[in-house]
Amino acid sequence: MNKHIIGIDPGKSGGIATISTIIDDTNYMALKTPNSTGAMVEIVRVIKKNPISPVCYIENVHAFPTDARSSAFKFGVNYGIWQGILSSFGINTILVSPMKWQKHFGKMPKEKRERKNKLKAIASKK
Numbered sequence: 000m001n002k003h004i005i006g007i008d009p010g011k012s013g014g015i016a017t018i019s020t021i022i023d024d025t026n027y028m029a030l031k032t033p034n035s036t037g038a039m040v041e042i043v044r045v046i047k048k049n050p051i052s053p054v055c056y057i058e059n060v061h062a063f064p065t066d067a068r069s070s071a072f073k074f075g076v077n078y079g080i081w082q083g084i085l086s087s088f089g090i091n092t093i094l095v096s097p098m099k100w101q102k103h104f105g106k107m108p109k110e111k112r113e114r115k116n117k118l119k120a121i122a123s124k125k
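Per the working numbering, residue 0 is the first one in the sequence shown, and the count goes up by one each step.
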């Protein structure tokens with residue numbers, strides 16, 4: 000089965016990951032979000048070279064009232080930049096809440112730091 004999936008965490012220390020399967024050949028890529036819009040565009044340009052049209056799942060997130068104003072603003076800017084880049088490349092984008100995608104991995108700790116550590120442990124086993 001041929002598939003090409005992109006996942007994006009638009010957060011401050013977020014990143015982008017892809018999985019692409021063509022017949023029996025599967026390729027993975029995971030990168031931290033670069034510091035420039037141009038570098039973000041180049042990553043998507045490389046991903047788009049794959050002959051299978053990708054679908055992108057981007058975390059549908061928002062800032063919390065307890066977030067610092069500058070970090071909340073940066074967070075929103077990254078979110079918008081990713082959406083603009085994906086749209087300009089004609090990539091089908093699906094917004095997914097953190098709760099929804101995390102449910103796949105079973106019960107998660109309530110405290111954010113513990114939850115992130117558990118997810119990192121799961122990812123390092125793959």
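The beta-carbon is built from N, C-alpha and C at its ideal position, and this holds for glycine as well.
- Beta-bridge partners of Gly14 (DSSP): Asp8 and Lys31.
- Glu113 and Val54 have their alpha carbons spaced roughly 30 Å apart.
- Using a 10 angstroms sphere on the CB of Ile57, the tally of other CB atoms reaches 16 or more, which defines it as buried.
- Residues Ile18, Ser19, Thr20 and Ile51 of the same chain have their beta carbon placed closer than 8 Å to that of Lys2, with the five preceding and five following residues left out of the count.
- If you draw a 10 Å sphere on the C-beta of Met0, you find fewer than 16 other C-beta atoms in it, and that means exposed.
- Selection Thr36, Lys124 and Glu110 evaluated against Asn77 yields Thr36 as nearest (Cα-Cα).
- Contact annotation, Val45 with Ile84: C-beta distance approximately 12 Å; criterion of less than 8 Å not satisfied.
- Residue pairing by DSSP puts Asn91 in a beta bridge opposite Val54.
- According to DSSP, Asp24 shares a beta bridge with Ile21.
- DSSP lists Thr20 as the beta-bridge partner residues of Lys2.
- Looking from the CA of Asn59, the closest CA among Ser123, Asp8 and Thr32 belongs to Asp8.
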